Amino acid sequence: MMRFDLDLPAWKWPFYCARHPFEGFDDLRWKNGYNMKVALVIVLCFFIINVCQAMMTGFLFNTTYVKVFNIVPYFSSSVIMFFTWVVGNWSLCTLFDGEGNMKRICCVSAYALVPYLASQVITTIASNFLLRTEGAFISFIQYLGITWSVILIISAMKTVHQYSIPKTLIAIFFTVVAMVIILFLLVLLLTLFQQVYVFCYSIYTEIMYRVAV
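Read left to right, the sequence shown gives residues -13 to 199 (our numbering).
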């Protein structure tokens, strides 16, 4: 049953959807509670938490050896991956007769990240106090957060596109395929630009050398 009497501020909707994974996104859709500012803040938190996890996890549980800190991999694995998901899902929604637009897909995808981000914060803090023999607690919290967010993303995609469960799972699978294709094309494009830059720079260097001589 829809809760039409809900009148939540924008920042409370992600937590409401996390607590009510099955009816929360239905309520969000009917109340039109999508807010891009909140979604972008969550994506920013996704990026920051990724960096903090790598740098602040206790040494007993930190398997990442960082000799020279590079922010690009963390940005790629959070922000770029998120928006690749959004673009991939949006590009397929017409093919699968989905009703979601770019804004709604972005918002519900960000809202679904809340349990995962919460689990990452808890495990990062706990890793500085627990012993290695107590690592099962960290694994449990991590898997709980991932599972919870997966359930939320399935519920979110089902609601925002008005799909059945089987069609939702099929759409998610093809979204992942679309993400792989998009990332491949991006890498190919960046490589091409890099080669063009090296070629142009070589020509510039040769010209300047000839002029100097």
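Note that beta-carbon positions come from the ideal geometry of N, C-alpha and C, so glycine has one too. Values in this document were obtained by computation on a predicted structure and should not be read as measured data.
* **Inter-residue spacing [alpha-carbon to alpha-carbon] between F47 and S113** => 6 Å
* To do: Please report how far the alpha carbon of R15 lies from the alpha carbon of I66, in whole angstroms.
  => 26 Å
* **Under the three-state DSSP convention, the category T161 falls into** => helix
* Asked: If you draw a straight line from the C-alpha of E192 to the C-alpha of V173, how long is it?
  -> 28 Å
* Starting from G131 and walking both ways along the alpha helix (DSSP H), at which residues does that stretch end? -> G121 to H147
* Start and end residues, alpha helix (DSSP H) containing N75 -> M67 to C79
* To do: Determine the contact status of L130 and F123, defining contact as a CB-CB distance below 8 Å.
  => no
* To do: Return the chain-ordered list of same chain residues with a C-beta closer than 8 Å to the C-beta of V72, the five sequence neighbours on each side being excluded.
  => M88, I91, C92 and S95
* **Limits of the alpha helix (DSSP H) - the one that L26 falls within** => M22 to M42
* Taking the CB atoms as reference points, tell me whether F33 and F61 lie closer together than 8 Å. => yes
* Classify S63 as helix, strand or coil using the three-state DSSP reduction. => helix
* Length of the line joining the Cα atoms of V27 and V136 -> 20 Å
* To do: Note down, in chain order, each residue of its chain lying with its Cβ closer than 6 Å to the Cβ of Y97, except the 5 sequence neighbours on either side.
  => P0 and C3
* For R5, which of helix, strand or coil comes out of DSSP? -> helix
* Whole angstroms is fine: what's the gap from P(-5)'s alpha carbon to A25's? => 13 Å
* **Pairwise C-alpha distance: G84 and I156** => 12 Å
* Three-state secondary structure (DSSP) of L155 -> helix
* To do: Verify whether the separation of the beta carbon atoms of S105 and I140 is less than 8 Å.
  => no
* Asked: What residues in its chain sit with their C-beta under 7 Å from that of C79, if we drop five residues either side in the sequence?
  -> G86 and H147
* Since T43 contacts T110 with CB under 8 Å, what's their CB separation in whole angstroms? -> 5 Å
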